[in-house]
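Trainee: This structure is in structure tokens; I'll ask about it shortly.
2 protein chains.
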Amino acid sequence: MCLWGSVMNKFDKAAGLLKQHGIDAWLISCDEGSDMHSPYFLGIKSHARHFIIIDANGNHQVIAVLMEAPMIQKAVDAMGAKVAVRAFNNNKEMVALLKGILARPTIAVNYGEDSLQKATGFADHIRAGELESLRLIAPGTRFVSSVDLVAGMRMVKTPAELAALREAVKMTMEVFESIPTWVKVGMTEQEVMARLHYEFFKIGEPSFEAIVASGENTADPHHNSSGKRIAPGAFYVDAGIRHEQMSSDITWTFWIGGEPPGDFLDAYNALYEAKRVANRHMRAGLPTALADQECRKYLEARGYDHKKLFVHGLGHAIGYDVHDVGPRASSAAPPGAVFEENMVYSNEPGLYWQGRWGLRLEDDIIIKRGECEQVSYNHEEPIVF
Amino acid sequence: MCLWGSVMNKFDKAAGLLKQHGIDAWLISCDEGSDMHSPYFLGIKSHARHFIIIDANGNHQVIAVLMEAPMIQKAVDAMGAKVAVRAFNNNKEMVALLKGILARPTIAVNYGEDSLQKATGFADHIRAGELESLRLIAPGTRFVSSVDLVAGMRMVKTPAELAALREAVKMTMEVFESIPTWVKVGMTEQEVMARLHYEFFKIGEPSFEAIVASGENTADPHHNSSGKRIAPGAFYVDAGIRHEQMSSDITWTFWIGGEPPGDFLDAYNALYEAKRVANRHMRAGLPTALADQECRKYLEARGYDHKKLFVHGLGHAIGYDVHDVGPRASSAAPPGAVFEENMVYSNEPGLYWQGRWGLRLEDDIIIKRGECEQVSYNHEEPIVF
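In the order they appear, the protein sequences are chains X and A.
The first sequence begins at 1 in our numbering and counts up one residue at a time.
The second sequence begins at 386 in our numbering and counts up one residue at a time.
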């Protein structure tokens, strides 16, 4: 799999943003997947301690452990990016290399100021002890938050990124359509999850650990796929493929074994229509809270107590991360937040009855000036098998 | 799958450590898997923002988003731990709940002081912006590092944890033995990785993303399984199952298609013997650097330039995390570091020729006062298929 695909050289895009914000460099400090901006920039996953330095003047560097340096050099070369990879053998050499590259007036790091109280969590990756070390190693350097850089890089998608997303969704839909042919009563939820991953890896990779829920477990929106054997009843799959680094995130709710009861069918229909209502309010310039509010109004009018039954927000940004950079499409979104053209969001209303069952229908949409582009689909009637 | 299994109630064990260190509480701040101590304590994976507060006096609490609170309450109840789960609807409620529970003199957080320069990375999970928030929300509280707590909980394994590890290894060995029956020339590395995960999930879960490398890719110790189709030649699988939260981590090197060349067979034999040499120096009371040094001496005597060809340390601690808490079994380990009884380590010498091939043999061992217990195995001769 070519992780970077047709995506443009991100180092150059970032250098442009650095100049615009008057910052000398952007440091990504990463260890065993602690910052997704490492695969974002390198196109591969490095599992050991490494640092990526994006330089406003194009002098990009990576500091990596000797064991991984050749793999990283190969990856950045294949991308056509001019990046010097420097290897270290031990911690002392690593700190010495760091000292050299940190000797600049202002460096951005992936730190979100006061991230529990402000909406800066999307940039908050560096660990407290790491940032403390950087300040001790380079006492003359001012470390600033990368919030504006991360938003500038990832919030609005490029045409190439949107093309990758459409492909990711198409691949996911094909696997979803096959579910009724191989999911059987008596399989465990976990076995279904593993089989989904297997199908996904044959053509791409899972964008997150697939959620498979059956029976009462469907009442938990974020259920952990378990060893529970599937029995006749409600069943949902929340999963997606990542293709050229773009993630899809789709939920289908099924009914297994016999005819679904009337109240299940009614709830399914209400959600299907509520999703259409929401779609009409997901467009450039509108507040990101509005679609959620309208969707809840609709469910209320259909007789559903949304406060009790619809226990999560309507949607979230989607992209390099399955929960990507951008305000939530939810009533709890900050007042000034509005959709912009070519943002990508999930639209996923749900209704959950604890101890009984739950339903969620989730599609991925691209924000446009007019009507949104719904990239994935749910069936108008639940699939029964 | 029962994630907590037979493992003892960790809340009570942690409360004991807190009293011992004169700390009032231990706060785990977690969002989308940012801290593995969340599944460690809860026995399930919570995907949304939540906080776990372990109290020296047993008044344990979890603060979780409304959507996940029932799932978490179910999990802690099933574990037999007395933990109150409090739900929040929005950020304002979350901060208010936090204010209440942070009003104590001293709270440990998973922060490793100066973690790039000191060996505290194993405890460094909280992000810089999160810790900043905690200090702003509770200005009267002293936040200290949890380094001693994490080490006290996880470095030396309990009998139940060792039993789970042995089972995890046994399950992994069964899948490894099946590899020659289903891996075929022409399959992609990624397809093999996905099939491994599928087999793992049927009985447990992967302890990390399996590394599958073929041909030249075997020269990269941390290769990303790729879309490359497997051709006759060297082939390695580095993978493991997590069972009751304990991870196995095993590497076998194979030769696919025809007879392996003499220099491959010689390197395999040298590594097999080097691993035995290392085993003899992995025992309680010995420095964790010694086995690596002795292993390198042996390889040197066999005519291999270990500095150029053996580009990683001999081993690492294994447990809840595949790279667990404990000093590295490597020449770069801090001088005073010694093995203790019932620590678990990987023993994984490797030889890599860039552009040609590489080999690694990795087994998991339990440190004892006398000879170590080698839990997994590699075959004395490479499996050829």
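Every residue gets a Cβ at the ideal spot worked out from N, C-alpha and C, and that includes glycine.
For residue 580/A, which of helix, strand or coil comes out of DSSP?
Mentor: As a working mapping, residue 580/A is identified with position 195 in the second sequence. If DSSP states are grouped into helix, strand and coil, residue 580/A belongs with the helices.
Trainee: For residue 508/A, is the classification buried or exposed, using 16 other Cβ atoms within 10 angstroms of its Cβ as the cut-off for buried?
Mentor: Locating residue 508/A in the second sequence gives position 123, counting from the first residue. Flag for residue 508/A reads buried.
Trainee: Identify whether residue 28/X lies in helix, strand or coil by the three-state DSSP scheme.
Mentor: Looking up residue 28/X in the first sequence gives position 28. The answer is strand: DSSP assigns residue 28/X an E or B state.
Trainee: Pick helix, strand or coil for residue 211/X, following the three-state DSSP scheme.
Mentor: Numbered from its first residue, the first sequence carries residue 211/X at position 211. Strand, per DSSP.
Trainee: Counting only beta-carbon atoms, is residue 436/A nearer than 7 angstroms to chain X?
Mentor: Your numbering for residue 436/A matches position 51 in the second sequence. Not closer than 7 angstroms to any Cβ of chain X, the Cβ of residue 436/A fails to qualify, so no.
Trainee: Can you tell me whether residue 438/A is helix, strand or coil according to DSSP?
Mentor: Position 53 of the second sequence holds residue 438/A. Strand.
Trainee: Could you name the residues of chain X that residue 579/A contacts, counting a contact when the two beta carbons are closer than 7 angstroms?
Mentor: Indexing the second sequence from 1 puts residue 579/A at position 194. Simply 197, 198, 201, 202.
Trainee: What residues from the segment 732–761 of chain A come within 7 angstroms of chain X, judged by C-beta to C-beta, listed N to C?
Mentor: 739
Trainee: Quick one, are the C-beta atoms of residue 240/X and residue 172/X less than 7 angstroms apart?
Mentor: Stepping through the first sequence from its first residue, residue 240/X is reached at position 240. Stepping through the first sequence from its first residue, residue 172/X is reached at position 172. Taking 7 angstroms as the Cβ cut-off, residue 240/X and residue 172/X qualify as a contacting pair.
Trainee: Consult DSSP for residue 610/A and reduce its assignment to one of helix, strand or coil.
Mentor: Translated into the one-based positions of the second sequence, residue 610/A becomes position 225. Coil, per DSSP.
Trainee: Decide yes or no for the touch test of the segment 105–119 of chain X against the segment 488–500 of chain A: beta carbon pairs closer than 8 angstroms, at least 3 of them.
Mentor: no
Trainee: For the candidate residues 618/A, 543/A, 437/A, 473/A, whose alpha-carbon lies nearest to that of residue 644/A?
Mentor: One-based indexing of the second sequence puts residue 644/A at position 259. Selected option, being the one with the closest Cα: 618/A.
Trainee: Using 7 angstroms as the limit for Cβ to Cβ distance, is residue 221/X near chain A?
Mentor: Numbered from its first residue, the first sequence carries residue 221/X at position 221. True, the Cβ-Cβ gap to chain A drops below 7 angstroms.
Trainee: Could you tell me whether the Cβ of residue 311/X comes closer than 7 angstroms to any Cβ of chain A?
Mentor: Residue mapping note: residue 311/X aligns to position 311 of the first sequence, counting from 1. By this cut-off, residue 311/X is an interface position.
Trainee: Grouping DSSP H, G and I as helix and E and B as strand, with all else coil, what is residue 373/X?
Mentor: Translated into the one-based positions of the first sequence, residue 373/X becomes position 373. Reduced to three states, the DSSP call for residue 373/X is strand.
Trainee: If we call anything under 7 angstroms between Cβ atoms a contact, is residue 94/X one with residue 326/X?
Mentor: Start at 1 with the first residue of the first sequence, and residue 94/X comes out as number 94. Start at 1 with the first residue of the first sequence, and residue 326/X comes out as number 326. Not a contact, by the Cβ cut-off of 7 angstroms.
Trainee: So, at 7 angstroms on beta carbons, what are the nonlocal neighbours of residue 288/X in its own chain, with the 5 sequence-adjacent residues on each side left out?
Mentor: If you number the first sequence from 1, residue 288/X lands on position 288. So the list reads 327, 328, 329, 333, 337, 338, 339, once near-sequence residues are dropped.
Trainee: Compare the beta carbon distance of residue 414/A and residue 396/A with 7 angstroms and say whether it is the shorter of the two.
Mentor: By 1-based counting over the second sequence, the position of residue 414/A is 29. By 1-based counting over the second sequence, the position of residue 396/A is 11. The answer is no: Cβ separation not under 7 angstroms.
Trainee: For residue 217/X, which residues from the same chain have a beta carbon less than 8 angstroms from its beta carbon, with the 5 sequence-adjacent residues on both sides left out?
Mentor: Counting from one through the first sequence, the residue named residue 217/X turns up at place 217. Cβ within range, chain order: 189, 223, 226, 228.
Trainee: Can you list the residues of chain X that residue 721/A reaches, using a CB-CB cut of under 9 angstroms?
Mentor: Along the second sequence, one-based indexing puts residue 721/A at 336. Correct list: empty, because the minimum Cβ distance to chain X is about 16 angstroms.
Trainee: With a threshold of 16 other CB atoms inside 10 Å of the CB of residue 317/X, please say whether the residue is buried or exposed.
Mentor: What you label residue 317/X is simply residue 317 of the first sequence in a count that begins at 1. Answer is buried; the Cβ neighbour count reaches 16.
Trainee: Can you check the segment 228–299 of chain X for any alpha helix (DSSP H) of at least 4 residues that lies completely inside it and give the ranges in chain order?
Mentor: 262–279
Trainee: Does residue 97/X have its Cβ less than 7 angstroms from a Cβ in chain A?
Mentor: Here the question's residue 97/X lines up with position 97 in the first sequence. Residue 97/X does not count as touching chain A.
Trainee: For the segment 523–573 of chain A, which segments carrying the alpha helix (DSSP H) assignment without a break, of at least 4 residues, lie completely within its bounds, in sequence order?
Mentor: 532–539, 544–567
Trainee: Against chain A, with Cβ distances strictly below 7 angstroms, would residue 187/X count as a contact?
Mentor: Stepping through the first sequence from its first residue, residue 187/X is reached at position 187. With 7 angstroms as the cut-off, residue 187/X does not count as an interface residue toward chain A.
Trainee: Between residue 291/X and residue 314/X, how many whole angstroms is the CB-CB distance? I'm expecting something under 8 angstroms.
Mentor: Walking along the first sequence from the start, residue 291/X turns up at place 291. Walking along the first sequence from the start, residue 314/X turns up at place 314. That belief holds up - the Cβ atoms of residue 291/X and residue 314/X are roughly 6 angstroms apart, short of 8 angstroms.
Trainee: For residue 425/A, report the span of its alpha helix (DSSP H) as first-last.
Mentor: Taking the first residue of the second sequence as 1, we reach residue 425/A at position 40. It spans 422–427 - the alpha helix (DSSP H) in which residue 425/A sits, taken as one unbroken run.
Trainee: For residue 694/A, which of 755/A, 449/A, 663/A, 738/A has the nearest alpha-carbon?
Mentor: By 1-based counting over the second sequence, the position of residue 694/A is 309. Considering only alpha carbons, the answer is 738/A.
Trainee: Report, in whole angstroms, the separation of the C-beta atoms of residue 446/A and residue 492/A, which I expect to be a contact under 8 angstroms.
Mentor: The residue you call residue 446/A lines up with position 61 of the second sequence. The residue you call residue 492/A lines up with position 107 of the second sequence. Not confirmed; about 13 angstroms, so no contact.
Trainee: Determine the burial state of residue 120/X: buried for a count of at least 16 other Cβ atoms within 10 Å of its Cβ, exposed for fewer.
Mentor: The sequence position of residue 120/X within the first sequence is 120, counting from 1. Buried, since its Cβ has 16 or more Cβ neighbours within 10 Å.
Trainee: Between which residues of its own chain and residue 19/X is the CB-CB distance below 6 angstroms, once the five residues before and five after are set aside?
Mentor: In the first sequence, residue 19/X corresponds to position 19, counting from 1. If we look at residue 19/X and ignore the five residues flanking it on each side, its Cβ neighbours are 56.
Trainee: Taking residue 635/A as the reference, which of 762/A, 768/A, 461/A has the closest Cα?
Mentor: As a working mapping, residue 635/A is identified with position 250 in the second sequence. Measuring from the Cα of residue 635/A, the nearest candidate turns out to be 762/A.
Trainee: Can you pull out the residues from the segment 44–77 of chain X whose beta carbon lies closer than 7 angstroms to at least one beta carbon of chain A?
Mentor: From the segment 44–77 of chain X, only 44, 45, 47, 48, 66, 67, 68, 70, 71 have a Cβ closer than 7 angstroms to chain A.
Trainee: Starting from residue 526/A, find everything on chain X with Cβ-Cβ shorter than 9 angstroms and list it in chain order.
Mentor: Along the second sequence, read from residue 1 onward, the residue named residue 526/A stands at position 141. Within chain X, no residue comes near residue 526/A; the closest Cβ sits about 14 angstroms away, beyond 9 angstroms.
Trainee: Under 8 angstroms, with one C-beta from each stretch per pair, do the segment 727–734 of chain A and the segment 743–751 of chain A reach the 3-pair mark?
Mentor: yes
Trainee: Under 9 angstroms, CB to CB, which of the residues in the segment 500–519 of chain A have a partner in chain X?
Mentor: Listed in sequence order: 500, 501, 502, 503, 504, 505, 506, 508, 509, 510, 511, 512, 513, 514, 515, 516, 517, 518, 519.
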